[in-house]
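Just below is one structure, and these are the notes that go with it.
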Amino acid sequence: MATENQTDSRRKVASAMDSSEMAISITDMHKWFGEFHVLKNINLKVRRGERIVICGPSGSGKSTLIRCINRLEEHQQGSIVVDGTELTHDLKNIEKIRSEVGMVFQHFNLFPHLTALENCALAPIWVRRTPKAKADEAAMKYLERVRIPEQANKYPGQLSGGQQQRVAIARSLCMNPRIMLFDEPTSALDPEMIKEVLEVMVELAESGMTMLVVTHEMGFATAVAHRVIFMDFGEIIEQNEPHEFFKNPQHDRTKLFLSQILHH
Amino acid sequence: MTESSTPQDYVPGTHPDLPPPVRTTGPIGWARINLFSSPFNIVLTLVAVYVLMSIIPPVVEWALVKSVWTAENRVDCWAQMEVPEGAACWAFVKSRLQLFIYGFYPQAERWRVQLSFVLLIFAILPVLYDKLPGRRHWFWYVVAFPFIAGWLLVGGFGLTPVDTDQFGGIMLAVVIGVTGISFSLPIGILLALGRQSDMPVLRLLCVLFIEFIRGVPLIVLLFVASTMLNYFLPPGTSFALLMRVLIMVTIFSAAYIAEVVRGGLQGIPIGQHEAADALGLTYWKAHRLIILPQALKISIPGIVNTFIGLFKDTTLVLIIGMLDPLGIGRAALADAEWAGLAREVYLFVAIFFFICCFSMSRYSLYLERKLHTGH
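Sequence lines, in order, name chains A and B. Each residue of the first sequence is one higher than the one before, starting from 2 at the first, in this note's numbering. Each residue of the second sequence is one higher than the one before, starting from 80 at the first, in this note's numbering.
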């Protein structure tokens, strides 16, 4: 029953997709690191509320791709439009986009000199100019949502990896982002901690957040993604609805990759 | 079931907390572990005790027990001792104490030095202790303090002007030290950020400045200050020598601080910059809130090291004719009434500098412990 509802809702999103505004629109985008051509002719349209999982072997450019979306990396050719604003050298645009796009990193990147609560309230206070009391209250709400309100006054160094990553998710959510980027959020975690982070991410997905997730957690992809993208050699090799993607991969490279990650 | 030597009379998981064996705790345990743990350690302990025993009692006897605290002059002083010249004659330092503290600052105006010193304490407190009530409100006072103190000490605007040539002694050392420390830190931080900037021209200027200043001895800079600086300034402007020294000491120390802070900045993982960027913080906000608090924390030992060096280097101004405590001491020794009491004078100056520098060192340790957040 539940899965039926889920596929149903997915279909609804899919049908509404064409008419609705794009959350992210990447056109003919290229990027080089010096001489090295990391991203080649990327075309990707992400609709509002869509959830995309990006997978691929290491060095395939998947992290670089999502880091281009909030300009942690600069692209050299083509265009990236996020929420109707094109990413250019204009610093104002970049800051605007960054404040609306949340990002969760593989190594959490919490601010070690601030408590969990301060980590969460910092950006609302200094970027959005929210009064401190209100920002703290909102931060507490998000810490409850990721189920660690009791750790609010601890420093990151005193928290486990899973707890740190959940604080990092709460920190991003405090900015009320319209899009969330996840760069291998569970790769640095012990197995028992992966679950607690994925649970939080699934809940977030159910709330309708637009999400781009670089991960090899195929269970997560099957459960919540609308689309799975496979990248290799800096290109998007194949993309499909998750069941179809796993059951029926088209490209040889995809088949090889899937056999490696599913059988090990 | 495993064999156990004594029958277990408690439910598993409820073993009571027992005190540790006596041998491992208390003074005896401490001495056993730290002083007598191995033959080598025992030898070290005994040698150390012997050395201390043969140094400390004679020094205490010379400096305190047999010392003379009131006398008219050198001869009078020695007359009061069992063995002439056999103990410290603090009467000399005592008779020159005013000179050591105030230099040649006019007697009638010395309350201004005392008031500045009290104001200095109130300016330092909110900087050093963040738990001070109402710390925020002190901020503007702290910023204004150098100007208030400058006005008090130099005079003008209603106060009798005092020529800076009359500054001397501990007061001079503190003026140079405090000015150098409080201005070189912000300038050094800006230089360090400039050196890491994406803007090539700014980066080049900062690198040139830092490398030039670091490449020249402070004494040379002080001579430049005392002889050449006026050539570089527009004609008609003339700075007091003290002002020129303050500028030179500040930029000298700023160049060192810049390198220390750069080391700290390099210790911050790139992920911290990325996380700050990803949240939409601007360059200045990211540095103020995220990067610098961490970088400066790592840099505390190096920064305090630079400050201690700066404070001790204030004695170098004696070479260009300014009388800091050491200069006052040397001048005092020229007095025929007291000549020959160099040990007392230099020990006194040494103790003054030691107290100041040791306090800075201890404060930096306290700060490091306080800022430690378990990472």
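Backbone N, C-alpha and C define an ideal beta-carbon position, used for all residues, glycine too.
Cβ separation of residue i and residue j, assumed to be a contact under 8 Å, to the nearest whole Å
i, j, result
"PHE221/A", "THR255/A", "Their Cβ separation, rounded to whole angstroms, is 18 Å, which puts PHE221/A and THR255/A out of contact at 8 Å."
"THR393/B", "ALA252/B", "5 Å"
"LEU211/B", "PRO205/B", "5 Å"
"THR216/A", "HIS244/A", "Rounded, the Cβ-Cβ distance is 17 Å, inconsistent with contact."
"GLU447/B", "ILE379/B", "5 Å"
"ILE81/A", "CYS69/A", "6 Å"
"PHE331/B", "LEU297/B", "5 Å"
"SER364/B", "CYS436/B", "Residue identity differs from the one stated: residue 364/B is Lys in this sequence, not Ser. Not confirmed; about 36 Å, so no contact."
Residue i - DSSP class collapsed to helix/strand/coil
i, result
"ASN241/A", "strand"
"SER260/A", "helix"
"SER61/B", "Within the shown structure, residues of chain B are numbered from 80 to 454, placing residue 61/B beyond reach of any answer."
"GLU164/B", "coil"
"MET80/B", "Model confidence at MET80/B stands at a pLDDT of 47, short of 50, so the residue's coordinates are unreliable; what they give is reported in the following sentence. MET80/B: coil per DSSP, three-state reduction."
"GLU353/B", "helix"
"ARG274/B", "helix"
"MET250/B", "helix"
"ARG175/B", "coil"
"ASP88/B", "coil"
"ALA222/A", "helix"
"CYS175/A", "coil"
"LEU358/B", "coil"
"VAL241/B", "coil"
"HIS31/A", "strand"
"ALA24/A", "strand"
"GLN77/A", "coil"
"VAL215/A", "strand"
"LYS248/A", "helix"
"ASN152/B", "coil"
"ILE347/B", "coil"
"ARG293/B", "helix"
"VAL1/A", "Coverage of chain A is limited to positions 2 through 265, which leaves residue 1/A absent and any answer about it impossible."
"ARG129/A", "coil"
Residue i and residue j closer than 8 Å at C-beta
i, j, result
"GLY103/A", "LEU182/A", "yes"
"ASN110/A", "GLU353/B", "yes"
"VAL396/B", "VAL324/B", "yes"
"ALA357/B", "ILE369/B", "no"
"SER173/A", "VAL105/A", "yes"
"ILE260/B", "LEU143/B", "no"
"TYR181/B", "ARG189/B", "yes"
"ALA271/B", "ARG367/B", "no"
"CYS285/B", "ARG293/B", "no"
"ALA410/B", "LEU420/B", "no"
"HIS31/A", "HIS76/A", "yes"
"LEU321/B", "PHE226/B", "no"
"GLU416/B", "CYS168/B", "no"
Residue-level contact to chain B via CB, residue i, 8 Å cutoff
i, result
"GLU242/A", "no"
"PRO113/A", "yes"
"TRP33/A", "no"
"GLY158/A", "yes"
"PHE183/A", "no"
"MET141/A", "no"
"ALA189/A", "no"
"SER21/A", "Note that SER21/A scores 49 on pLDDT, short of 50, meaning its location in the model is unreliable; the coordinates nonetheless yield the value given after this. It does not; no Cβ of chain B falls within 8 Å."
"MET176/A", "yes"
"ILE213/A", "Checking the displayed sequence, the identity of residue 213/A turns out to be Leu instead of Ile. So no, LEU213/A is outside the interface."
"ASN71/A", "yes"
8 Å Cβ cutoff, residue i in contact with chain A
i, result
"GLU447/B", "no"
"GLN87/B", "no"
"ALA319/B", "no"
"PRO372/B", "yes"
"GLY343/B", "no"
"MET80/B", "Bear in mind that the predicted position of MET80/B carries a pLDDT of just 47, short of 50, making it too unreliable to give a figure here."
"LYS210/B", "no"
"ILE268/B", "no"
"THR385/B", "no"
"LYS173/B", "no"
"ILE369/B", "yes"
"GLU164/B", "no"
"LEU389/B", "no"
"ASP96/B", "no"
"LEU281/B", "no"
"GLY350/B", "yes"
"LYS145/B", "no"
- Task: Below 7 Å between beta carbons is the criterion; list the residues of the stretch 92–112 of chain A that meet it against any residue of chain B, in chain order.
- Result: Hits within the stretch, in order: GLU96, ARG99, SER100, MET104, PHE106, HIS108, ASN110 and PHE112.
- Task: Taking only beta carbons into account, state which residues of the stretch 114–131 of chain A come closer than 8 Å to chain B, listed in chain order.
- Result: Residues passing the 8 Å Cβ filter: HIS114, LEU123, ALA124, TRP127 and VAL128.
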